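Notes follow the structure.
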Amino acid sequence: MKKYVIITTVLVCILSLETAFAQTKKKSLTAKKAAVTTRKVTPVGSKVYSKSKGSQLRSQISAGLGMMKSGQFSQAANAFLILSRRSDAVAERPQIKYLLGLSLMELNLNQVAAFQFVDVIKSADQKWTRQAIEKLLIVTDRLGDETLLNYAIQRIDVARVPQQNRDMLYFRLGEIKAKAGQHSEAASLYDRVGQSSRYYFSALYGKGLAQAESNQTDLALQSFRTLLEARNNSKVTDTNRVAAQMAIARILYQKQDWERAIDAYSKIPRDHFMWHNAMFEKSWAMLRGARFRSSLSNFQSLHSSFYDDAYIPETLLLRAIVYLYICKYDEMEKVVGLFEAQYNPIAANINQFLSSRSSADAYFQEIQKINILRNEPETRKKLILPYNVLKYISEEGNVRRSYAYIKKLADERKLIEDNPVIRSSALGSYSIRILNNRIKTTKDTIGEMVRAQLISMKSEIRDLKEQASFIRYEMINGKKEFLKKKLTGKNLSEVQVDEDQDRSFYIQNGYEYYPFQGEYWLDEVGNYHYLGKQSCE
Amino acid sequence: MFQKVLNFSLISFVVSIISMAAIADVEVPQDELAQETVYPVFDNPVSVKNRNIRDIGTVDVGFFGGLALTEPIYNTSKVGIAMNYHFSETHSLGVMFAKNSTGLSVDAQGLKNDFGLDYTRAPYPEYSMMADYNYKLYYGKLSLTKVAVMNTSIYLSSALGIVKYVHKSYPAIALGVGERFYFTNHLSLKLDLRFYAHQAPIPFLTGALRDGSKGPSDPIPSYDSFQERLTYTTNLELGLNYLF
Numbered sequence: 016m017k018k019y020v021i022i023t024t025v026l027v028c029i030l031s032l033e034t035a036f037a038q039t040k041k042k043s044l045t046a047k048k049a050a051v052t053t054r055k056v057t058p059v060g061s062k063v064y065s066k067s068k069g070s071q072l073r074s075q076i077s078a079g080l081g082m083m084k085s086g087q088f089s090q091a092a093n094a095f096l097i098l099s100r101r102s103d104a105v106a107e108r109p110q111i112k113y114l115l116g117l118s119l120m121e122l123n124l125n126q127v128a129a130f131q132f133v134d135v136i137k138s139a140d141q142k143w144t145r146q147a148i149e150k151l152l153i154v155t156d157r158l159g160d161e162t163l164l165n166y167a168i169q170r171i172d173v174a175r176v177p178q179q180n181r182d183m184l185y186f187r188l189g190e191i192k193a194k195a196g197q198h199s200e201a202a203s204l205y206d207r208v209g210q211s212s213r214y215y216f217s218a219l220y221g222k223g224l225a226q227a228e229s230n231q232t233d234l235a236l237q238s239f240r241t242l243l244e245a246r247n248n249s250k251v252t253d254t255n256r257v258a259a260q261m262a263i264a265r266i267l268y269q270k271q272d273w274e275r276a277i278d279a280y281s282k283i284p285r286d287h288f289m290w291h292n293a294m295f296e297k298s299w300a301m302l303r304g305a306r307f308r309s310s311l312s313n314f315q316s317l318h319s320s321f322y323d324d325a326y327i328p329e330t331l332l333l334r335a336i337v338y339l340y341i342c343k344y345d346e347m348e349k350v351v352g353l354f355e356a357q358y359n360p361i362a363a364n365i366n367q368f369l370s371s372r373s374s375a376d377a378y379f380q381e382i383q384k385i386n387i388l389r390n391e392p393e394t395r396k397k398l399i400l401p402y403n404v405l406k407y408i409s410e411e412g413n414v415r416r417s418y419a420y421i422k423k424l425a426d427e428r429k430l431i432e433d434n435p436v437i438r439s440s441a442l443g444s445y446s447i448r449i450l451n452n453r454i455k456t457t458k459d460t461i462g463e464m465v466r467a468q469l470i471s472m473k474s475e476i477r478d479l480k481e482q483a484s485f486i487r488y489e490m491i492n493g494k495k496e497f498l499k500k501k502l503t504g505k506n507l508s509e510v511q512v513d514e515d516q517d518r519s520f521y522i523q524n525g526y527e528y529y530p531f532q533g534e535y536w537l538d539e540v541g542n543y544h545y546l547g548k549q550s551c552e
Numbered sequence: 003m004f005q006k007v008l009n010f011s012l013i014s015f016v017v018s019i020i021s022m023a024a025i026a027d028v029e030v031p032q033d034e035l036a037q038e039t040v041y042p043v044f045d046n047p048v049s050v051k052n053r054n055i056r057d058i059g060t061v062d063v064g065f066f067g068g069l070a071l072t073e074p075i076y077n078t079s080k081v082g083i084a085m086n087y088h089f090s091e092t093h094s095l096g097v098m099f100a101k102n103s104t105g106l107s108v109d110a111q112g113l114k115n116d117f118g119l120d121y122t123r124a125p126y127p128e129y130s131m132m133a134d135y136n137y138k139l140y141y142g143k144l145s146l147t148k149v150a151v152m153n154t155s156i157y158l159s160s161a162l163g164i165v166k167y168v169h170k171s172y173p174a175i176a177l178g179v180g181e182r183f184y185f186t187n188h189l190s191l192k193l194d195l196r197f198y199a200h201q202a203p204i205p206f207l208t209g210a211l212r213d214g215s216k217g218p219s220d221p222i223p224s225y226d227s228f229q230e231r232l233t234y235t236t237n238l239e240l241g242l243n244y245l246f
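Protein chains in written order, with the working numbering: chain A, 16 to 552; chain B, 3 to 246.
In structure tokens form, the structure reads like this:
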């Protein structure tokens, strides 16, 4: 009996082992099959699909791909979005997300697509990550979204990027290096951008800038001249051409070659927005080259009523210094007084604004007003900060880029809102949510930029005020010396040209000169000439 | 970085190169003379800023003398006063009153002397009173001497009112063009050329104008016996105006 019981137990054990072996084999086969389908190893502990669920998912992915092939991208995107939310599709999610991103790219929904590619990259899926990075690079480049672009670039292997995207990648990498202060690396990356690329001119400019930053002025000059020559056939006001010319002038200034810098600045066309800056910088070069009369001529244009909106505190002090050189103390006092009258209230206003507002949104709302009110001078009263301060900030490169990005997001949102099929689908509400969040984040970023710029302006005005007080001291000192000499009977000043005129500025228009009498005409801006003489002994 | 280059300390700069101060040369170098005919770019471009003549919301008052260039019979001269309110830099509305001189024109006086035709028997204009609207076409300046600059404006005028004849008033319209030359920011010389159109009596009435000095005499006609027709007169007016 005991023997029988033992034999029965052994048989049961053998049977149990056999069953267990059979089950293990079955599981292994299922997993292998699934791996073949998805070309992916199922992570340990993840859910294992039943045969029917897996094949259903596969057929749905295939259906989505079919829709993409037949150009039904919105339907495909919607299908992939639904699939990506399925809890039983964990293993396939990177693939689904990637395909969703591709469909969205085809619909020009670049921002929403970018988010799908980021999700794929985050999943660390070996198969789809590389492709997702490449696509992310393309969509973020289209959007101008620097954050995501950097995210993509930091993860990319340049060697594996398709040839057609390499130029863009080198250019963007160059930008990142330049921002990080690695100018030599930046210059060599810019150098790798091909001549046929649409990034070529920007890369050439960036290269010159990086070389200038690393004090390789001759190389920088060469880069900018190459850019200038490359744009020689474009129109005079072509921004690339003008920027190259301006950069050449700046490099010559950096090399302290005042006369050539003045010549280079003079080539900036008057009908280009950089002309006003060129005029100001040329005045510096003239001052350094001891061409005081010429720099005063420029100031008459720079400080004309046409530039009342310009935030240019430094120019007033520079003008005062020129008057100091030629011993025009009365004029000097007027200009220093003007600086104090204009910029003391501005400084107070900025301080007050900075101390009373902490949220980024408050700063964004203020800068936003200027975009709405730019063409309505009467409504400038609604601004809390001075118009010229806001205008200056709104023209800063980073603010403009962020605004351009917001515009692209808004365009994308409009694309969804104008398409009833997408708008009413799950994809529509999902995309709108992403875009709204992104817009809000970017607005906050702009707000932070405004705050940072205001802090910088506050500090700049404080420094300039200090310098203004030194200039005032020099002026008083000069006046004292002048009076001393007068009391001792020395003959000091020569007779001025037209002493009876309020201001010794003349306008040269055509071949004739006539005196400036306080009225500024558009066709005269840039044609003023100071014909007064210096009053030093 | 460029900004850094430009933003070096102003004061250290003053101290370092003040000794370089040279005598300024009043000759403008050739390379500083205008070589472009284009204008700088602005968000909201306007032709002029900080105008010398600011006439928005102002009243200008003046007097003038006029000459009817195409008037054959009556005295061609007149004097008047005018007042305009400027709603904007472009539009103004005002009133003007002009008193015609009495008597005959040189030609009509010749007819009287040579042929005994006395046109004083015909109804003659006494004065005109009109509402005057001006539309400024152009504001600019001119310099003839290079020593001074004079502001000027050219405008279109359109006036509506009455021309009062000795016996009757007629509605009248006058269209014209004018120019002001500003001696100062307030005082200007005003020149107007106006083309008047209104009903008026025809002075040429058969058997009514001979005064008997050169032959038979006609009975003095009543003013109502003269026929009327649409009459056009070109007037040149010259005056002085002051902008308050």
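Heads up, the beta-carbon is just placed ideally off N, CA and C, and yes, glycines get one too.
Please read all numbers here as calculations on a predicted model, not as lab measurements.
C-beta neighbour in chain B for residue i, strict 8 Å
i	result
serine 320/A	yes
aspartate 286/A	yes
serine 238/A	no
proline 401/A	no
valine 51/A	Note that valine 51/A scores 34 on pLDDT, short of 50, meaning its location in the model is unreliable; the coordinates nonetheless yield the value given after this. No, because no Cβ of chain B sits closer than 8 Å to the Cβ of valine 51/A.
asparagine 386/A	no
asparagine 492/A	no
DSSP-derived helix/strand/coil call for residue i
i	result
tyrosine 402/A	helix
arginine 54/A	Residue placement at arginine 54/A cannot be trusted, given a pLDDT of 35 that sits under 50; the coordinates are not used to answer.
aspartate 89/B	It should be noted that the sequence gives phenylalanine, not aspartate, for residue 89/B. Phenylalanine 89/B falls in the coil class under three-state DSSP.
histidine 169/B	coil
aspartate 517/A	For aspartate 517/A, the predicted structure reports a pLDDT of 42, less than 50, and the residue's modelled location is therefore unreliable. A value from the coordinates is still provided. The answer is coil: DSSP assigns aspartate 517/A none of H, G, I, E or B.
alanine 218/A	helix
tryptophan 536/A	strand
methionine 347/A	helix
phenylalanine 65/B	strand
arginine 285/A	coil
histidine 318/A	coil
valine 257/A	helix
Residue-chain proximity (residue i, chain A), Cβ-Cβ < 8 Å
i	result
valine 179/B	no
aspartate 57/B	no
serine 1/B	Residue 1/B lies beyond the residue range present for chain B, which begins at 3 and ends at 246; the question has no answer from this structure.
serine 155/B	no
serine 94/B	no
tyrosine 41/B	yes
lysine 51/B	yes
valine 165/B	no
Host beta strand (DSSP E) of residue i (start-end)
i	result
alanine 110/B	Note, alanine 110/B: premise wrong, no beta strand (DSSP E); alpha helix (DSSP H) at 108 to 117.
valine 154/A	Note, valine 154/A: premise wrong, no beta strand (DSSP E); alpha helix (DSSP H) at 141 to 158.
glutamine 248/B	No information on residue 248/B is available, as it lies outside the stretch 3 to 246 that chain B covers here.
leucine 232/B	230 to 245
tyrosine 545/A	543 to 545
Start and end residues, alpha helix (DSSP H) containing residue i
i	result
methionine 472/A	441 to 502
lysine 138/B	Run containing lysine 138/B: none in the alpha helix (DSSP H); it sits in the beta strand (DSSP E), 127 to 144.
tyrosine 121/B	Where tyrosine 121/B is concerned, there is no enclosing alpha helix (DSSP H), given that its DSSP letter is neither H nor E.
Buried versus exposed call for residue i [16 or more other C-beta atoms within 10 Å across all chains shown]
i	result
isoleucine 204/B	exposed
alanine 139/A	exposed
serine 298/A	buried
asparagine 243/B	buried
glutamine 367/A	exposed
leucine 35/B	exposed
isoleucine 491/A	exposed
Inset, instruction - Please confirm if the segment 306 to 322 of chain A is in contact with the segment 538 to 546 of chain A, defined as three or more CB-CB distances below 8 Å between the two stretches. - result: Verdict: yes, contact present.
Inset, instruction - Check whether the segment 420 to 434 of chain A touches the segment 367 to 380 of chain A, counting contact only when three or more Cβ pairs, one atom from each stretch, lie closer than 8 Å. - result: Cβ pair count under 8 Å is below three, so no.
Legend entry - Cβ contact check for the segment 494 to 505 of chain A and the segment 435 to 451 of chain A: 3 or more pairs under 8 Å: With the cut-off at 8 Å, the segment 494 to 505 of chain A and the segment 435 to 451 of chain A do not touch.
Inset, instruction - Please confirm if the segment 158 to 176 of chain B is in contact with the segment 188 to 201 of chain B, defined as three or more CB-CB distances below 8 Å between the two stretches. - result: They touch, by the three-pair rule.
Inset, instruction - Determine contact between the segment 260 to 270 of chain A and the segment 238 to 245 of chain A, defined as no fewer than three beta-carbon pairs at a distance below 8 Å. - result: Yes: the two stretches touch, three or more of their Cβ pairs being nearer than 8 Å.
Inset, instruction - Could you tell me whether the segment 147 to 167 of chain A touches the segment 413 to 422 of chain A, using the rule of 3 or more Cβ pairs below 8 Å? - result: Output reads yes: the segment 413 to 422 of chain A touches the segment 147 to 167 of chain A.
Inset, instruction - Check whether the segment 212 to 224 of chain B touches the segment 64 to 72 of chain B, counting contact only when three or more Cβ pairs, one atom from each stretch, lie closer than 8 Å. - result: Not touching, per the Cβ criterion.
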